[in-house]
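Each residue of the sequence shown is one higher than the one before, starting from 3 at the first, in our numbering.
Quick notes on the structure that follows.
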Amino acid sequence: MKELRALEPDFWRAPSAHNTQPWTLTYTDAEAEVGWDPSRALPVSDPTGRDLRLGMGAFVECCLIVCADAGLPVAFRPDPGPLRVGFLHAGSTPYRTPFTTADVRARGANRGEYHPGHLPEEVVAGLTGMRRLACRDLADLLHAADLRQFGDREVTRELRSWLRLTRRHRRYLLDGLSDRALALDRAKALALRASLALYPALRRLGLPRVLAGASRALLDYDGDVLVLVGAQEEELEAGRLLMRHWLTLSGLGYTTHPLSQIIDCEPTRAALAERLGVADPRTLLHVARVGRPITPAPASARLRT
């Protein structure tokens, strides 16, 4: 397992909610335990751990792809335990995958503007478990979810702790959501910093409504939102599947922008399930808009570089 240490910077290119990068690798001679750091979880905005498990699954898939590209026969064995999802161990052959380390490095989220246009039917058909909706059909749910999120003092406090809205922030190059990752210019980043700093006083004066107002225009174009539907008990595997889908889309020139707040909010989650004709809202695992970005997004910060 010693060879894996040199590959960690590419393992860490896996996506995670708020770019918390919660994963840990603990090595022995024979295997590496895949776990997570509880200080990098989101207990307020992700109380069920759904996003955490999806991120851990994406990390596992990322590890296997990078190892395979390096010619290393590495496999994964699920073994849930306290702060653990399983083990990477020596396999008989490298993991079979069409993706490479270069694909992992090229993938990224983009929260900026997208060109109008829809995904070809054959692309959507190849994304197992994905359901498609038009962007404009979800604009009302996104606004309602953002209003609920920014109206919650604890959720907003947790979000603020992961924002890096100035390059003077001591963790700007390490983790979290930077101004660049959020596609904010200097003036908007400064305004958001000031608003959140004064949140306790401004909350009663309607700040949540102002902050949520930005989402009204986000989906006001002809584009696509993809929703992953799957078994709640298989969120780790769903995260691996999502990683493969993201790499497929990235290879075709598309990028994604997670909109998890829609399924973090009970009323909007139920409304989305109804629109999709899904009986159990708990099977909605991930939501993201997908398209071709107008401006490339910078690579997000990483703990391992």
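We treat Cβ as the ideally placed atom computed from N, Cα and C, and that holds for glycine.
This one's a predicted model, so the numbers in the text were calculated from it and none came from an experiment.
{"Asked": "For the beta strand (DSSP E) that contains F101, what are its first and last residues?", "Found": "Note, F101: premise wrong, no beta strand (DSSP E); not H, not E."}
{"Asked": "Starting from the N-terminal side, write out each stretch of the beta strand (DSSP E) that is 3 residues or longer and does not extend beyond the segment 71–135.", "Found": "76–83, 86–92"}
{"Asked": "Under 7 Å between the Cβ atoms of M58 and Y29?", "Found": "no"}
{"Asked": "At the 7 Å Cβ level, is A34 part of the contact set with chain B, yes or no?", "Found": "You won't find chain B in this structure, because it holds only one protein chain."}
{"Asked": "Report all residues from its chain with a CB closer than 7 Å to the CB of A108; omit the five preceding and five following residues, and keep chain order.", "Found": "S252"}
{"Asked": "Less than 6 Å separating the Cβ of R211 from some heavy atom of the ligand PLP?", "Found": "Looking at this structure, you won't find the ligand PLP or any other ligand, since it has none at all."}
{"Asked": "When the Cβ atoms of the segment 219–229 are set against those of the segment 131–139, are three or more pairs found closer than 8 Å?", "Found": "yes"}
{"Asked": "Given a cut-off of 7 Å, decide if V36 and V106 are closer than it, judged by their beta-carbon atoms.", "Found": "no"}
{"Asked": "So the beta strand (DSSP E) H288 belongs to, where does it begin and stop?", "Found": "286–293"}
{"Asked": "By how many angstroms is the C-alpha of S262 removed from the C-alpha of L184?", "Found": "15 Å"}
{"Asked": "Scan the segment 13–42 and note each continuous beta strand (DSSP E) run of 3 residues or more that stays entirely inside, going in chain order.", "Found": "25–29, 33–38"}
{"Asked": "Could you tell me how far apart the beta carbons of P24 and D48 are, in whole angstroms, since I believe they sit closer than 8 Å?", "Found": "Going by Cβ atoms, the distance from P24 to D48 rounds to 10 Å, so no, they are not a contact pair."}
{"Asked": "If F101 sits next to I67, beta carbons under 8 Å apart, how far is it from one beta carbon to the other, in whole angstroms?", "Found": "5 Å"}
{"Asked": "From the DSSP output, in three-state form, read off R211 for me.", "Found": "helix"}
{"Asked": "Relative to the C-alpha of T103, which residue among D12, P122, P80, P75 is closest?", "Found": "D12"}
{"Asked": "Less than 8 Å between the CB atoms is what I'm expecting for T285 and G232, so what's the real figure, rounded?", "Found": "6 Å"}
{"Asked": "Quick one: give me the first and last residue of the beta strand (DSSP E) that P260 is part of.", "Found": "257–260"}
{"Asked": "Compute the Euclidean distance between the alpha carbons of A301 and G110, then round it to the nearest angstrom.", "Found": "7 Å"}
{"Asked": "Determine the extent of the alpha helix (DSSP H) in which V157 is found, giving its start and end residues.", "Found": "155–163"}
{"Asked": "In terms of DSSP beta bridges, what is R166 paired with?", "Found": "S180"}
{"Asked": "Among T99, A32, V76, A92, whose alpha-carbon lies nearest the alpha-carbon of M245?", "Found": "T99"}
{"Asked": "From this set, I265, H259, A8, P122, which residue's C-alpha is nearest R52's C-alpha?", "Found": "I265"}
{"Asked": "How many angstroms separate the CA atom of V157 from the CA atom of N21?", "Found": "16 Å"}
{"Asked": "Can you tell me whether L221 is helix, strand or coil according to DSSP?", "Found": "coil"}
{"Asked": "Could you tell me the alpha carbon to alpha carbon distance between L194 and G93, rounded to whole angstroms?", "Found": "48 Å"}
{"Asked": "Excluding the five sequence neighbours on either side, which residues of its own chain have a C-beta within less than 7 Å of the C-beta of S217, listed in chain order?", "Found": "L144, H145, D148"}
{"Asked": "Would L230 and G131 be called neighbours here (beta carbons separated by less than 7 Å)?", "Found": "yes"}
{"Asked": "DSSP three-state call for D226: helix, strand or coil?", "Found": "strand"}
{"Asked": "Between the Cα of A19 and those of V76, R42, L254, spot the shortest distance and give me the residue it belongs to.", "Found": "R42"}
{"Asked": "For T307 and A275, what's the separation of their Cα atoms in angstroms?", "Found": "40 Å"}
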